[in-house]
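Working notes for the structure below.
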Amino acid sequence: MKSLLRGVALSGSILLATGGYGLTASAQVAPGDNIPTVEEALDNPDVDDITDQPDQLITWVCKSGDKTVAVEVKELQNWQETVDPDQTWQCEQNIPVVDPGDSTFSCETNATMGLITVFWLEGEGGKAEMTSWMNNLANNQNMVCTHGQTNPFWE
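Throughout the sequence shown, residue numbering follows the numbering used here, covering 100 to 254 in sequence.
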């Protein structure tokens with residue numbers, strides 16, 4: 100039991116030391132090994148959270164009154180121009196807590212906007228609003244949109 104707890108503690112410290120990125124199955128860590136600093140981990144081009152790459156998705160939290168959504172997209176401006184031309188949603192870059200039961204949809208294309216994923220975090224009217232956004236993205240940006248059919252939100 101003690102060795103299991105040590106392994107869990109070591110795994111947790113590795114995740115913390117590597118900025119939460121963990122290690123691949125081929126990587127072995129032993130006492131005295133050089134674990135990268137957060138800065139070194141962020142210099143790795145394979146890290147998903149590097150935002151200075153042109154194809155990197157960025158997560159935004161957007162609010163309009165009592166409604167809150169998370170939007171993951173390459174360029175927020177393209178999303179705003181398509182689904183929120185009146186700019187009623189105010190957005191700032193942030194990574195929110197998303198529960199597995201939160202309503203979501205994704206749209207994709209090979210065009211500039213690429214992949215977009217939207218999570219409804221709080222507020223009323225989410226189904227109608229998100230359905231409108233999906234239709235708008237499909238019709239105006241030639242995107243293919245999907246949502247979780249098993250989520251009771253969409254029933």
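Beta carbons are placed, not taken as given, at the ideal position from N, Cα and C, and that holds for glycine.
Drop a sphere of 10 angstroms on the beta-carbon of residue i, count the other beta-carbons inside from all chains shown, and report buried for 16 or more, exposed for fewer.
i: residue 200; result: exposed
i: residue 169; result: buried
i: residue 224; result: exposed
i: residue 241; result: exposed
i: residue 171; result: buried
i: residue 179; result: buried
i: residue 238; result: exposed
Tell me, to the nearest whole angstrom, how far the beta carbon of residue i is from that of residue j; I am working on the premise that it is less than 8 Å.
i: residue 203; j: residue 217; result: 7 Å
i: residue 222; j: residue 165; result: 5 Å
i: residue 190; j: residue 233; result: With a Cβ gap of about 19 Å, residue 190 and residue 233 do not count as contacting.
i: residue 213; j: residue 173; result: 5 Å
i: residue 193; j: residue 219; result: Going by Cβ atoms, the distance from residue 193 to residue 219 rounds to 16 Å, so no, they are not a contact pair.
According to DSSP, is residue i helix, strand or coil?
i: residue 160; result: strand
i: residue 178; result: helix
i: residue 146; result: Because residue 146 sits at a pLDDT of 48, beneath the cut-off of 50, its placement in the model cannot be relied upon, and the point is left open.
i: residue 173; result: coil
i: residue 224; result: coil
i: residue 133; result: coil
i: residue 240; result: helix
Kindly identify the DSSP beta-bridge partner or partners of residue i.
i: residue 232; result: Bridge partners of residue 232: none, in fact.
i: residue 168; result: 161 and 219
i: residue 191; result: 160
i: residue 75; result: The shown model of the chain, from 100 to 254, leaves out residue 75, and the question about it has no answer.
i: residue 245; result: 205
On the three-pair Cβ rule with 8 Å, is the region 192-199 touching the region 229-245? The region 192-199, when compared against the region 229-245, does not touch it at the 8 Å Cβ threshold.
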